[in-house]
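Take a look at the structure set out below.
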Amino acid sequence: DAKTTQPPSMDCAEGRAANLPCNHSTISGNEYVYWYRQIHSQGPQYIIHGLKNNETNEMASLIITEDRKSSTLILPHATLRDTAVYYCIVRAPLRSGTYKYIFGTGTRLKVLA
Amino acid sequence: DTAVSQTPKYLVTQMGNDKSIKCEQNLGHDTMYWYKQDSKKFLKIMFSYNNKELIINETVPNRFSPKSPDKAHLNLHINSLELGDSAVYFCASSLDRGSYEQYFGPGTRLTVT
Chain A
17 DAKTTQPPSM DCAEGRAANL PCNHSTISGN EYVYWYRQIH SQGPQYIIHG
67 LKNNETNEMA SLIITEDRKS STLILPHATL RDTAVYYCIV RAPLRSGTYK
117 YIFGTGTRLK VLA
Chain B
1498 DTAVSQTPKY LVTQMGNDKS IKCEQNLGHD TMYWYKQDSK KFLKIMFSYN
1548 NKELIINETV PNRFSPKSPD KAHLNLHINS LELGDSAVYF CASSLDRGSY
1598 EQYFGPGTRL TVT
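Protein chains in written order, with this note's numbering: chain A, 17 to 129; chain B, 1498 to 1610.
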């Protein structure tokens, strides 16, 4: 199974961009990279996902390197409500269209006022 | 309306007891999941059901038995509880087994004394 490596914690000033890195050097060609976040022991919340190309939605941008061995989640204008643990996840295919998430240890992002 | 709900939110019990955690989703999704988050905040898939059929069964002790009476419900029964079962258990659902987004419930904090 592919695994992800993330820094355990990061700080970011409110209003600035938060760039959260993730290494997934053993990822396979058909495994997607996902990002979820968990705010203060609530259930994880989906943010974004991608395979090869960079992706953007209303919450964040995902930059995946060309060799797919690492990615960066970008929160363009961090707010205090973005303080959370951010998980970089590989979605591994099993069989018959079934997938499982392999969670990393996450990065605890603290947005500072 | 809560999309994915779990009961109870907190569960404190003694070693050796049998307990159940219930999960319901009102999203009309076909696929549901149970995850365990340990004290180090590491999230790991335990089971997944698709339309009442078991599709993922990770290496989990036989004391854990999921039951899906219909596709909107996935309950987790645990026999002979042990100290190591103390964790937060999250239920999740997705539109189908290949869907990119999973919706997580609020979690059930189980404490075994």
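All C-beta atoms, glycine included, are put in the ideal place defined by N, C-alpha and C.
Helix, strand or coil at residue i [DSSP, three-state]
i, result
"G1581(B)", "helix"
"L1524(B)", "coil"
"P37(A)", "strand"
"T114(A)", "coil"
"L67(A)", "coil"
"Q1511(B)", "coil"
"Q58(A)", "coil"
"R53(A)", "strand"
"T1610(B)", "coil"
"A76(A)", "coil"
"S1502(B)", "strand"
"R32(A)", "coil"
"S25(A)", "strand"
Listed by chain order, chain A residues near residue i by CB distance under 8 Å
i, result
"P1603(B)", "Q58, G59"
"K1541(B)", "F119"
"I1553(B)", "L110, T114, K116"
Under 7 Å by beta carbon: chain A residues contacting residue i
i, result
"G1633(B)", "Any answer about residue 1633(B) is impossible in this case: the structure gives chain B only from 1498 up to 1610."
"F1544(B)", "Chain A residues near F1544(B): none, gap ~10 Å exceeds 7 Å."
"F1587(B)", "G59"
Proximal residues of chain B, C-beta to C-beta of residue i below 9 Å
i, result
"V101(A)", "K1538"
"H65(A)", "Y1597, E1598"
"G122(A)", "K1538, F1539, L1540"
Top-ranked residue by Cα proximity to residue i, from the options
i, options, result
"P23(A)", "V127(A), P37(A), I118(A), R32(A)", "P37(A)"
"E47(A)", "Q61(A), T114(A), A129(A), R124(A)", "T114(A)"
"N39(A)", "L125(A), T121(A), H56(A)", "T121(A)"
"V127(A)", "K19(A), T21(A), T20(A), S25(A)", "S25(A)"
"Y1611(B)", "K116(A), L110(A), S87(A)", "Nothing can be reported for residue 1611(B), as the shown portion of chain B is limited to 1498 through 1610."
"S57(A)", "T1608(B), V1585(B), D1593(B)", "V1585(B)"
"T1605(B)", "E1555(B), D1582(B), S1577(B), S1596(B)", "D1582(B)"
"S1590(B)", "V101(A), T123(A), P60(A)", "P60(A)"
"E74(A)", "I64(A), D83(A), K68(A)", "I64(A)"
"N1548(B)", "S1536(B), D1527(B), L1607(B)", "D1527(B)"
"I1552(B)", "E71(A), N70(A), R111(A), H93(A)", "R111(A)"
"A76(A)", "T20(A), G66(A), T42(A)", "G66(A)"
8 Å Cβ cutoff, residue i in contact with chain E
i, result
"Q1522(B)", "Among the protein chains of the structure shown, namely A and B, there is no chain E."
*Which runs of the beta strand (DSSP E), 3 residues or longer, sit entirely within the segment 1521-1607 of chain B?*
1528-1534, 1540-1547, 1550-1554, 1561-1567, 1570-1575, 1584-1591
*Only counting runs of 3 or more residues, tell me where the beta strand (DSSP E) segments fall wholly within the segment 82-112 of chain A, in order along the chain.*
86-91, 100-109
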